[in-house]
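Visitor: As you go down the protein sequences, you meet chains L and Y in turn. So the numbering used here is basically just the index in the first sequence, starting at one, shifted up by 2. So the numbering used here is basically just the index in the second sequence, starting at one, shifted up by 24. One structure, as C-alpha cells, below. Some questions next.
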Amino acid sequence: MAADKSTYGNSAVYVVDGCRTPFLKAAGKPGPFTASDLAVYAGRNLLARLPFSTKEFDQLILGCVMPGPDEVNIARVVALRLGFDEAVPAYTVQRNCASGLQSLDNAARDIASGNADLILAGGTESMSHAPLLFSQAMISWLAGWNRAKGLGARGKALLKFRLHYLAPIIGLLRGLSDPIVGMSMGQTAEKIAHRFGISREMMDEYAVRSHQRLAQAQENGWFDAEMETLYSADGRFFTYDNGVRADTDVDKLAKLKPVFDRHFGKVTAGNSAQITDGAALLVLASEEAVRRHRLKVLGRLVDCQWAGLDPSQMGLGPVHAVTPILQRHQLGLHDVDLWEINEAFAAQVLACLAAWNSDDYCRDELGLPSAMGEIDQQRLNIDGGGVSLGHPVGASGARIVLHLLHALARTNKNKGIASLCIGGGQGGAMLVERVTAPQPVTPRPTDSQTTEHNHDDAE
Amino acid sequence: MMTLSELKLSHWKVETDTQNIAWLGLDKKETSMNVLSREVLSELETCIDVIEQNTPAGLVIHSKKKSGFIAGADVTEFTSFENEDQVYDYIRFAQGLFERIENLGCPTVALIDGVCLGGGLELALSCRYRIACDEPKTRLGLPEVNLGIHPGFGGTVRVSRLLGVFTGMNLMLSGRPLSAGAARKTGLVDFTTPRRHLYSAARQVLQTTPPKAKPRLVDRLLRLRPFRPLVARLLVRQVAKRVSRKHYPAPYAIIDLWKDYFDDRELMTVKEAKSITKLLISDTAQNLIRVFFLQEKLKAEGKHSDFVAHRVHVIGAGVMGGDIAAWCALKGLRVTLQDQSPERIAPAIKRAHQLFKKRLKKPRLIQQAMDRLIPDTGGLGVKSADVVIEAIFENKEAKQALFKKIEPQMKDTALLTTNTSSIPLAELNVVLKRPERLTGLHFFNPVAKMLLIEIVADSGTDPQCVHAASAFARQIGRLPLPVKSTPGFLVNRILMPYLLEAVELLAEGKSPESIDKAALDFGMKMGPVELADTVGLDICLSVAEILGQHLGLEVPQLLKDKVAAKELGRKTGKGFYTYKAGKLQKARLADDEAQPDIIRERLISRLLNEAMTCLREQVVASADLLDAGIVYGTGFAPFRGGPMHYSEQIGFETQKEHFIELEQEFGNRFHPDAGWDLLKKAS
C-alpha cells in the first residue's frame, strides 16, 4: 500500500552539488580503481568546491553492492580517506541495482525528519574488482587439508582432491542472478521482452540511440559540471565515460549473439548495460543548512517510492515505483519534464513504456482503470544511459538523480523522475524538482524565489 | 652503602622498584633531546658504581624524554678537544664504562622508544637485551660515518659480533638508520612491541631471561680469519663506489678494524679507540662536524614562526611543480595540484606514485598519500590553501596574471610563494594588493633528494612571511636558506660560473670525463658536465643567459650550439655525454689526457670567486649560511666545510694570488672579487 503523503512530507531536501567519476568499462580484468578509490576521487573535488568544511556533515551514506573484502562498510572507509572528522558516522546501504538511490533516500529521510542537516550520499561500484570465489567443494577440501597432520594424512587428503574444485565462481555472475527464480538478469529481460513483443530490432535501435545521445552529450560538454577526471597511479587519466560507441549502428549490433537465452534469445551484450566501474556523490542539505552556508542548489528531492514485484519480471520495477508517486502528486506521464529510467537492458526500458501503455497491464497489475499512456522518448534518458555509459550497480541510482538535475537545468525544465529496476524484483523511483535556494536572510522562503546566491564568491 | 635513590644526579632519574629492578632514566637537563655528554656519562658511571656494589635483579636503561631514547654522543664536545690524548682518554673511559655495564651480574635491558643513534645505540648494545617500540619514530642507527668518524664506544666490536657481517657492516658503513621492524629482523634488537607493553616487556624479559639468538652459521663462518680478507675486499669495493678513501677514510677504517682485529676483542677495542681518535681530529671529520652544525643553523631559520600548513596548493604540474606537490603530500599535507589540463597533471601523479611506493612501501600509506594529492584543473584548492606555490613556466607576464587572479581568492593568512629561479620578486609582486606577502620558495631538482630550499625575499618583503616560509620548509623536512632576491639567488648563481667554466674547458677540447674527474677528485658529488646534462642544457642556457645579463657572464657558443642541435642532455639521450636507455656512457680516461690540477683550479676558482661576490653583496646573511647553502644546494664537497671555510683554510691571501695567476692566463673572468681584500683585512 502506498502512502498518500510525500515521503519527505513538506520538508525541503536540497541537492547542493554533486560529482561523479567517468564510468569506465571493465576490460575483463580488475580496473585501475577500487570502489573506495572511485568514491574518494569523486568526493575530494566535490568537497573542495563546498564553502564549508567536512566537519559540518552529519553523516556519509554510500550505496555499494559488492565492496572489496577490505572495505566492507565502504562508506566509513571513504569518509576517513576523504579526511572526514572521525566523529562523523558513515554507513553503507545495499538494494542491488538501486543502492545509489537508496542512499539518497536514507539521507533525504534523515534531513526531512530534522535529524540531519548535511549529508554526503551516493554510490560506488567497481564491478571489474568483483571477486573470484572458491567453490564450496574446494573450501571443504582445504579445511580437510589443513587438519591433516603427518605424511599419511596429507597423502590421503591429497588423493581426495579433484581438479574441478579449482574452477572459480565468478562473483559478478552470481550477483547478477536471481537465487529465487533461478534466472539471470538478462533472462528476466528476455521474459518481459517476450511479454510485450519487444523485437531484437527495437532493442538494437534503442541501444544505438543511447550511444548517439551519450556521444552528443559528451561532445557538447553536458557532463562537465557533474564529472571529475580520474587519474590512475600509472599516469593515465580518464575524462569521459569510455563505453560510448558513437559509430555503432543497428547492423553492427545485429551481428552480436544473444548471451542469456543462447541461440534463440534477443538480449545481447550490445543492448544491455555495460559492466563498468564508477561512483557518484551528492551533497544533500536541509533548508537550514542551505541558508546558514549560503549555498546555491541544483534542486530538491521531492518524493521517493519503492515497490516489489515478480522477481522474474524485475525489469518492470520502475512502472510499479513511479506510478504511486505520480498518483500522490496527481501527475500524468506527460507532466514529468524529463525521465531517467536506468537502462539495465534496452528491452527492459522499452517494456516499462509498453506496460504503461497497456490497458491490461495497468488494470491487472496496477489497479488502474486503463493504460497510463505514453512517455515521450524525447524526454527519456536524453543523454544516454546504462546501455552506452554503463551501470556500476551501486552508483547508477545516484548518477541518474544527479544527471537529471543537471539536464533539467540545461533544458530549463522543472520536474523529473529517476527510476531503476532492481534485481530480485523491485523498483525504486525519485521525484525531483529544480528550484533555487532559499534566501539566507528571509525567515520563510518559498520555492518560487529566484534570487541566486553564488557560493563560489562567498568570502 | 649508597643506594641509587640517594644519588644526587642532574641528568638521570633513577630508582629501584619493589621487584629490585633498577631503572636508569635519562632526562638530560635543559635539552629537548638526550645526548651522551661527558657529564651524562660520568653520572652513569656513578650509577654503575652503586649497582656493582649491590647487584639488583635487573637493570633497565630508558629515556624519560618523549623525543626519543638517545640521539648519540654530544657532537658539540667533538670540537672542544685540544689534542689526541684527550680524545683517546675520553674514548677509553666510555669504552670502559660500557664494558662494565656489559659485565654486570644481572640481566640488562635497553628500552628504546624513538631515535636511538650513534653512542645511544652503542650504550644499548652494551645491554644484554634491546626492546624497541614498534612506532615509525623508532630509528636505530650508527650514523657516525656521516661525520667522518666511526662508532667509538665499542660499537664496531659489538655490532660485528652481534649481527651478520653484511648487515652489521651495512649499518655502520651506510650510516642509514633502521626501523624497529628491520632492527628486529637483523637481530639488532631482541623484541619489538607496541608502546603500551614497553615497560611490562622489560620486566618480563628480565624475569624470564630468554635465550639470545646466535648469528647464522654462514655469518659465523665468514668471520673466520681465512675468509675475512675476501669479505673485506668485497666491502671495500662497495664503499669505493660511493666515496673515496682519500676523502672519507672512516668507512674504510671500519672494514680494516674488523678484518685485522676481529679475533681479539680487547685489541679491537683499543684499536677502535686509536682509529676514532685519529679520525676525529682530522680536517675531514672537523669539517663534516662543521657541516652538521651548519645544518642545525639552517634548521634554526625555521624556528622564528609557529606557522603550520595543512593544505597546500601548487600551480603548475611540470617536473618541479608536480614533484613539489608530491613531496608535500608525502609529508602528510593535503595538496591540490593545478594545471590547465589532465594531460599535464597525469604524469605528475605517476611520478608521485613512484615516490610514495619507494618511500612509504606499505599499500595503506601509499593510498593515503595518493588520496592527499588532489588533481585540480579547476583551481578549487586556492581558497582553502595555507600555502600557495606557483611553479608555472618562467614568464613574468604569465606569473603576474596568475597572481592577480588568485590573490583575491586566497585566505588572508595564507602564504603566497613562487618557485621562480630567475625573476626578481619585485617584478612579480607589483600586481598584488599586498606585494609584501610574496616570497620565493626555490626548490631544487630533484625535489625528493635536494634538502635545500632558498627562501627568497627582498627589502619590501614582510619578515613574517619569510619566517613562515622557512617554518613551512622545516615542516616538509627541508632546510630553509633565506636569500636576497637577486638574479640566480645564491645556489644557481654560484653554480653557473663553475658550469660555464666546464663548458669552456669542453670547448677547448678537454673531454667531459677528464673535467668531471677533476671535480670528483675535489670531492664534488657530481661532475659539472654530468650535472649540466642532468639539469638539461636548455635550462642551463636559459639560466646562463638571464644571469649573464646581470653578472656580465659570457655564455660559451658551445652551449648555444648544443641547445640549437636539440642535444639537451640526459632527457634527450645526448648532451655532452651520450646516454643509452637513460644510462650515462662514460669513456675511459687515457692516462695522459687528465690534467686534473689545472682543470680543478679553474672550475673551483670560478665557484669560490662567485661565492665571495655573493657574500660581499649580502645575498645571504653570513659566510656560514653561504657555506651551508652551497654544500646542501650544489653538493660542494662536504668534507671541505663549504667554499668560504675552504678558502679560509687555504688562506685568503693565497687564494687571491691564485686568482691573479689564473686571470693572467685565462682572462678577466678570474679577476679576484673585491671581497677577498676585505676579508683578508678582517682576518
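Note that the Cβ used here is the ideal one computed from N, Cα and C, for glycine as well.
1) Can you tell me whether DSSP reads K358 of chain L as helix, strand or coil?
2) Who does Y233 of chain L pair with in a DSSP beta bridge?
3) Are the beta-carbon atoms of G346 of chain Y and L361 of chain Y separated by less than 8 Å?
4) Tell me which same chain residues have a C-beta within less than 8 Å of the C-beta of D284 of chain Y, skipping the five on either side of it?
5) If you scan the segment 636-681 of chain Y from start to end, which runs of the beta strand (DSSP E) of 3 or more residues do you find wholly inside it?
6) Pull the bridge partners of G463 of chain L from the DSSP assignment, please.
7) Tell me which same chain residues have a C-beta within less than 6 Å of the C-beta of T325 of chain L, skipping the five on either side of it?
8) Between G33 of chain L and chain Y, is the shortest Cβ-Cβ distance under 8 Å, so that the two count as touching?
9) So the beta strand (DSSP E) H466 of chain Y belongs to, where does it begin and stop?
10) Taking the alpha carbon of L135 of chain Y as the reference point, which residue from Y:L686, Y:E528, Y:V99 and Y:R219 has its own alpha carbon closest?
11) Between which two residues does the alpha helix (DSSP H) harbouring G211 of chain Y extend?
12) Going by other Cβ atoms of all chains shown within 10 Å of its Cβ, with 16 needed for buried, is I85 of chain Y buried or exposed?
13) Q364 of chain Y to R640 of chain Y, Cα distance in whole Å?
14) Might you give, ordered along the chain, the residues of its own chain that have their beta carbon closer than 6 Å to the beta carbon of H509 of chain Y, omitting 5 neighbours on each side?
15) How is D701 of chain Y classed by DSSP in three states: helix, strand or coil?
16) Report yes if the CB atom of L103 of chain L is closer than 8 Å to the CB atom of A400 of chain L, and no otherwise.
17) So is N108 of chain L buried or exposed if we call it buried at 16+ other beta carbons inside 10 Å?
18) In chain Y, what lies closer than 8 Å to Y233 of chain L by C-beta?
19) Could you pull the start and end residues of the beta strand (DSSP E) that Y603 of chain Y belongs to?
20) Is there a Cβ from chain L that is less than 8 Å from the Cβ of T360 of chain Y?
21) Between Q315 of chain L and the rest of its own chain, which residues show a CB-CB distance below 8 Å, the 5 nearest in sequence each way excluded?
22) Taking DSSP's pairing of strands, which residues face S421 of chain L in a bridge?
23) So is M394 of chain Y in contact with chain L if we call contact Cβ pairs under 8 Å?
24) Can you tell me which residues form a DSSP beta bridge with W36 of chain Y?
25) Can you tell me where the alpha helix (DSSP H) with E101 of chain Y in it begins and where it stops?
26) For a contact meaning CB atoms closer than 7 Å, what does F239 of chain L contact in chain Y?
27) Between the Cα of R335 of chain Y and the Cα atoms of Y:I279, Y:A309 and Y:V411, which residue gives the shortest distance?
28) Measure from the C-beta of S405 of chain Y to each C-beta in chain L and report whether the shortest distance is under 8 Å.
29) For T453 of chain L, which residues from the same chain have a beta carbon less than 6 Å from its beta carbon, with the 5 sequence-adjacent residues on both sides left out?
30) Going along the chain, which unbroken runs of the alpha helix (DSSP H) with 4 or more residues stay wholly within the segment 259-301 of chain L?
31) When Cβ atoms are compared, which residues of the segment 78-100 of chain L fall closer than 9 Å to chain Y?
32) Comparing the C-beta of V74 of chain L with each C-beta of chain Y, is any distance below 8 Å?
33) Flag this pair as yes or no: are the beta carbons of V80 of chain L and L64 of chain L separated by less than 8 Å?
34) If we count the other Cβ atoms within 10 Å of its Cβ and call it buried at 16 or more, is R149 of chain L buried or exposed?
35) Report whether the distance from the Cβ of I313 of chain Y to the nearest heavy atom of the ligand NAD is below 7 Å.
36) Where does D249 of chain L land, buried or exposed, given buried means 16+ other C-beta within 10 angstroms?
Guide: Once the coordinates are examined:
1) Here the question's residue 358 of chain L lines up with position 356 in the first sequence. Looking at the sequence itself, residue 358 of chain L is Trp, so the reference to Lys does not match. Helix at W358 of chain L.
2) Residue mapping note: residue 233 of chain L aligns to position 231 of the first sequence, counting from 1. Beta-bridge pairing links Y233 of chain L to L:F239.
3) For the purposes of this step, residue 346 of chain Y is taken as the residue at position 322 of the second sequence. For the purposes of this step, residue 361 of chain Y is taken as the residue at position 337 of the second sequence. Yes.
4) Counting from 1 along the second sequence, the entry for residue 284 of chain Y is found at position 260. K295.
5) none
6) Past the boundaries of the shown model lies residue 463 of chain L; chain L is included only from 3 to 461, so the question cannot be answered.
7) Residue 325 of chain L sits at position 323 when you count from the first residue of the first sequence. Excluding sequence neighbours, T325 of chain L sits near L368.
8) Against the first sequence, residue 33 of chain L aligns to sequence position 31. It does not; no Cβ of chain Y falls within 8 Å.
9) What you label residue 466 of chain Y is simply residue 442 of the second sequence in a count that begins at 1. Where H466 of chain Y is concerned, the enclosing beta strand (DSSP E) stretches over L462 to F467.
10) For the purposes of this step, residue 135 of chain Y is identified with residue 111 of the second sequence, where counting begins at 1. L135 of chain Y has its Cα closest to that of Y:R219, out of Y:L686, Y:E528, Y:V99 and Y:R219.
11) Along the second sequence, read from residue 1 onward, the residue named residue 211 of chain Y stands at position 187. Here G211 of chain Y belongs to no alpha helix (DSSP H), and DSSP marks it neither H nor E.
12) The sequence position of residue 85 of chain Y within the second sequence is 61, counting from 1. With 16 or more Cβ atoms within 10 Å of its Cβ, I85 of chain Y is classed as buried.
13) Your numbering for residue 364 of chain Y matches position 340 in the second sequence. Your numbering for residue 640 of chain Y matches position 616 in the second sequence. Answer to the nearest angstrom: the Cα atoms are 42 Å apart.
14) By 1-based counting over the second sequence, the position of residue 509 of chain Y is 485. In the sequence under discussion, the amino acid at residue 509 of chain Y is Ser, which differs from the His named in the question. Only P448, L449, V480 and D482 meet the Cβ criterion.
15) Residue 701 of chain Y sits at position 677 when you count from the first residue of the second sequence. Reduced to three states, the DSSP call for D701 of chain Y is helix.
16) Working through the first sequence from its first residue, we reach residue 103 of chain L at position 101. Working through the first sequence from its first residue, we reach residue 400 of chain L at position 398. Yes, the pair counts as a contact, with Cβ atoms nearer than the cut-off.
17) Residue numbering aside, residue 108 of chain L sits at position 106 when the first sequence is read from its first letter. Burial call: buried.
18) Position 231 of the first sequence, counting from 1, holds the residue named residue 233 of chain L. Correct list: P366, I369, A370, I373 and P399.
19) Translated into the one-based positions of the second sequence, residue 603 of chain Y becomes position 579. Where Y603 of chain Y is concerned, the enclosing beta strand (DSSP E) stretches over T602 to K604.
20) Counting from 1 along the second sequence, the entry for residue 360 of chain Y is found at position 336. Yes, because at least one Cβ of chain L sits closer than 8 Å to the Cβ of T360 of chain Y.
21) Within the first sequence, the letter at position 313 stands for residue 315 of chain L. Contacts found: T190, K193, I194, R197 and G427.
22) Here residue 421 of chain L corresponds to residue number 419 of the first sequence, with the count starting at 1. DSSP, once it has assigned bridges, lists L:I343 and L:A431 as partnering S421 of chain L.
23) Here residue 394 of chain Y is taken as the residue at index 370 of the second sequence, counted from 1. Closer than 8 Å: yes.
24) Your numbering for residue 36 of chain Y matches position 12 in the second sequence. In the DSSP output, where bridge partners are listed per residue, W36 of chain Y has Y:L50.
25) Translated into positions along the second sequence, residue 101 of chain Y becomes position 77. Careful: E101 of chain Y lies outside any alpha helix (DSSP H) and carries neither H nor E.
26) Here residue 239 of chain L refers to the residue found at position 237 when the first sequence is read from its first residue. Those are P366 and A370, listed as they occur along chain Y.
27) Position 311 of the second sequence holds residue 335 of chain Y. The residue with the shortest Cα to Cα distance from R335 of chain Y is Y:V411.
28) Taking the first residue of the second sequence as 1, we reach residue 405 of chain Y at position 381. Here residue 405 of chain Y is Gly; the residue named in the question, Ser, does not match the sequence. Judged by the 8 Å Cβ criterion, G405 of chain Y is in contact with chain L.
29) Within the first sequence, the letter at position 451 stands for residue 453 of chain L. Residue confidence is low: T453 of chain L scores 42 on pLDDT, short of 50, so the model does not pin down where it sits. No coordinate-derived value is stated.
30) 289-294
31) R83, L84 and G85
32) Mapped onto the first sequence, residue 74 of chain L falls at position 72. No, no contact with chain Y.
33) Along the first sequence, read from residue 1 onward, the residue named residue 80 of chain L stands at position 78. Along the first sequence, read from residue 1 onward, the residue named residue 64 of chain L stands at position 62. Going by C-beta atoms, V80 of chain L is nearer than 8 Å to L64 of chain L.
34) Position 147 of the first sequence, counted from the first residue, corresponds to residue 149 of chain L. Exposed is the call here.
35) Inclusion of the ligand NAD in the displayed structure is not the case, the ligand content being empty and no account of it being possible.
36) One-based indexing of the first sequence puts residue 249 of chain L at position 247. Under this definition D249 of chain L is an exposed residue.
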